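In this text, residue positions in the sequence shown follow the UniProt record's numbering: the first is 1, and each later residue adds one.
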Amino acid sequence: MNEQTVVQALHVGQPRSMGTPGAPDPMERPWTSAIIKQPVDGPVYLSKTGLAGDGVADQKNHGGPEKAVLAYPFAHYATWREELDRFDIPVGAFGENFLVTDMKEEAVCIGDTYRVGEATVQVSQPRQPCWKPARRMRIKDLVLRMQETGRTGWYFRVLKEGEVKAGQVLQLVERPFPKWTIARCNEIQYHRPHDHQAAAELAACPLLSQSWAEGLARRAHRGNGV
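This is the structure in C-alpha cells:
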C-alpha cells in the first residue's frame, strides 16, 4: 500500500476553566475542558495515551488508550466556515491532536494502521462528538450538525510509541477491514438506529474500540428482544 497523507499540525492542550459564574446564557456558564489546544513545533513524544503535553478534563468519557489521538481533516474547516458563515473558526477548534490532509471519513477504516515518525497508530473508532465543540464555538446545534454530516473525525490508538512532528507523512501499512469506513460507522450510529443487523456486524469488528462495540451490541440485542 502506498496511500499517504500528512499531519499538517499537531495540537495539545491542558484542561482549563472557562465561562462566567451566574451567566444567564447556558452557553456562557462555567465549564472545564482541554478542547482549546495550541499547535506544537518540533518533535512531540506520542505515548499509548496521547501526545506529551496534552490533557483530558473528563477522564470518564475522553482519553485513554482507545482515544489516544483525535484526528480531524483540514478540508472540513473550509466547509464549516462556509456553511456556518463563521470564517473566524481557527484550525484546532474541534480539539484535534492531528490535523490531517487528504484524508476524510469516507476513506478511513477501522483498523487502518499508519506509520508516522517513530510511531505506529491504528484507527479505533469515529469521534462521538460531545457538547464541548458547540460550547467553544457557541453554536448550539453543532453536535447535531457533526452527526448529520458525518464530519466527526476519528480516533487512533497507539501501537508503537515514539516521536512525531508536524509535516510528517502518515503512511498506510495495513487495511484489514475496508468495509468499515468511518463514514459507514457514523451512518449506522446516527442514521440507521433500527438496523440491528448492521449494528451487530459492526460490533463484531475485532479492531473497533470496546466502547463502540459494546454500545452497538446492546442495540442489536434490544432489536432481537434480548
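Idealized CB from N, CA, C, for every residue including glycine. Just so we're clear, the structure is a prediction, and the values are computed from it rather than from any experiment.
Taking the CA atoms as reference points, C205 sits about 44 Å from T20.
Apart from sequence neighbours up to five positions away, the residues of its chain that approach K48 with a beta-carbon distance below 6 Å are P65 and V158, ordered along the chain. If you draw a straight line from the Cα of S17 to the Cα of R136, it comes to about 12 Å. Taking a contact as a CB-CB distance under 8 Å, the pair F177 and I110 counts as one, their CB atoms being some 5 Å apart. The continuous beta strand (DSSP E) containing Q125 extends over residues A119 to P126. Residue W154 holds the alpha-carbon nearest to the alpha-carbon of I182 among V169, W154, H191 and R192. In terms of Cα proximity to V40, the closest of G215, R145 and L10 is L10. C-alpha of D25 to C-alpha of N186: approximately 31 Å in a straight line. Using a Cβ distance threshold of 8 Å, V7 and V143 do not count as a contacting pair. The three-state secondary structure of H76, taken from DSSP, is helix.
In this structure, the CA atom of E161 is about 44 Å from the CA atom of G22. In the displayed model, H221 falls within a helix according to three-state DSSP. By the C-beta density criterion, R151 is buried, having at least 16 other C-beta atoms within 10 angstroms.
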